[in-house]
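Trainee: Numbering (the working numbering), first residue to last: 687 to 1125. No residue lacks a Cβ here, since even glycine has one placed at the ideal position from N, Cα and C.
(1) Could you check which residue in 973, 704 and 895 has the C-alpha nearest to that of residue 987?
(2) Count the other CB atoms, across all protein chains shown, that sit within 10 Å of the CB of residue 1025; report buried if there are 16 or more and exposed otherwise.
(3) For the ligand HEM, is there any heavy atom lying closer than 8 Å to the beta carbon of residue 713?
(4) Since residue 1036 is in the beta strand (DSSP E), which residue starts that stretch and which ends it?
(5) Counting beta carbon pairs with one atom in the segment 701 to 716 and one in the segment 753 to 760, are three or more of them shorter than 8 Å?
(6) Using only the alpha-carbon positions, how far apart do residue 1083 and residue 1119 sit?
(7) Starting from residue 1105, follow the alpha helix (DSSP H) in both directions and report where the run begins and ends.
(8) If we count the other Cβ atoms within 10 Å of its Cβ and call it buried at 16 or more, is residue 1100 buried or exposed?
(9) Taking only the alpha-carbon atoms, compute the straight-line gap between residue 868 and residue 828 and give it to the nearest angstrom.
(10) To which residues of the same chain is residue 953 closer than 8 Å at the C-beta, ignoring the five residues directly before and after it?
(11) Could you have a look at residue 921 and say whether DSSP puts it in helix, strand or coil?
(12) Flag this pair as touching only if the segment 889 to 906 and the segment 737 to 744 have three or more C-beta atom pairs under 8 Å; answer yes or no.
(13) What separation, rounded to the nearest whole angstrom, lies between the Cα atoms of residue 882 and residue 911?
(14) Threshold first: 4 residues or longer. Then list the alpha helix (DSSP H) segments lying entirely within the segment 784 to 857, N to C.
(15) Please determine, among 729, 920 and 816, the residue with the shortest C-alpha to C-alpha distance to residue 907.
(16) Reducing DSSP to helix, strand and coil, say where residue 704 ends up.
(17) How would you label residue 861, buried or exposed, when you count the other beta carbons within 10 angstroms and need 16 or more for buried?
(18) Could you check which residue in 766, 1098 and 835 has the C-alpha nearest to that of residue 1065?
(19) Does the distance from the CB of residue 1055 to the CB of residue 926 come in under 9 Å?
(20) To the nearest angstrom, how far is the alpha carbon of residue 1090 from that of residue 1068?
(21) Leaving out five residues on either side along the sequence, give the residues of the same chain with a beta carbon under 6 Å from the beta carbon of residue 934.
(22) With a Cβ-Cβ cutoff of 9 Å, do residue 708 and residue 897 count as a contact?
(23) Within the same chain, show all residues whose beta-carbon is closer than 6 Å to that of residue 1029, passing over the 5 residues directly before and after it, in chain order.
(24) Any idea what DSSP makes of residue 1060, helix, strand or coil?
(25) Helix, strand or coil for residue 960? Go by DSSP, reduced to three states.
(26) Beta carbon of residue 719, beta carbon of residue 930: below 9 Å?
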């Protein structure tokens, strides 16, 4: 997620995923001028799934990646596959976007299954476990969140269940929560393995992927889009911008209006040492993905080696790893006293692209040009599912046939100041979380 703007050398980001995932395919840098039917900027989940879907439709495509496939947010996240947004529920989305919102809600409902089916169909070894996603509630008052989500998603045909405190206790192995919401279609994956697998599948289908090739800017020249890079350019009929929270990290001239409508927030991920079998069997025994209703989110899932993959947020940029290990270790012991001493083998970080209303943004950039940004911590399943939608858009589908509610880019005023101050929201979340627990 986070990284240098300098292309050509990309450091290992220190995650469990980079430690255990086989190397990806060779993606040589672009040199010279090439012409193609479609150019995709960004080789994360959205860019790669778009390229794969375009090749299935017989469309020639070139993908430009500033580093390597999966190097950014797609390869660094927690790997939870969650078929909801973080805050807005279906009624909110449809009230804002009407019929386009209804189509987007349907895509969101199905996005986890789309991801798992795609991985299976292409034989992608991504440690995929479709065991469901559960959102337990951390105070009695927040059971209303679970009830609302169950009501709205069940109305739209999602495989959901409302859980009482006893069911959550049995599912998660903890008395810390008061009930919750379960969506059976969710789960978790090794995100870097998924990204590298999508790159391999797209390349095998005929897509051209150039790594270490940051897109510097793009412009319209006649009936073609021209994307400039440090050592060449791509000319294409259609363009898809899939850079999300990294839209301004390698080139501020690439898409400033989109880069400034999201606030990149640094998110920390952590992997414990493998848990002994008897402890693992008592903590999330069904291996679901879990993230609760705290504003300062509590989340955890297992990897294939029985490590708990969790994380947290921290403010002061001083000795952060040691402080995070102490804080999150204490949190895990509160949630699961049976865990005993907690040791972390891997600690890493990256950006999450946040919007003010927690809704993603979809844009038409011009003729046959499209973009999206603002994952708000729910990008894994959604980004993969969006690949099919962008491919349909490139192939000429009308707006009424797309699950993307298009709007014009709306840069946030004082974006630089907001970006610096955004981490302070953690203090507000902690205060609200404590206040609700007391009441």
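Mentor: Considering the structure as presented:
(1) 973
(2) buried
(3) Among the ligands in the structure shown, none appear at all, so the ligand HEM cannot be discussed.
(4) 1030 to 1040
(5) yes
(6) 44 Å
(7) 1101 to 1107
(8) exposed
(9) 15 Å
(10) 687, 763, 997, 999, 1035, 1036, 1037, 1038 and 1063
(11) strand
(12) yes
(13) 27 Å
(14) 829 to 841
(15) 920
(16) helix
(17) exposed
(18) 766
(19) yes
(20) 11 Å
(21) 945
(22) no
(23) 959
(24) coil
(25) coil
(26) no
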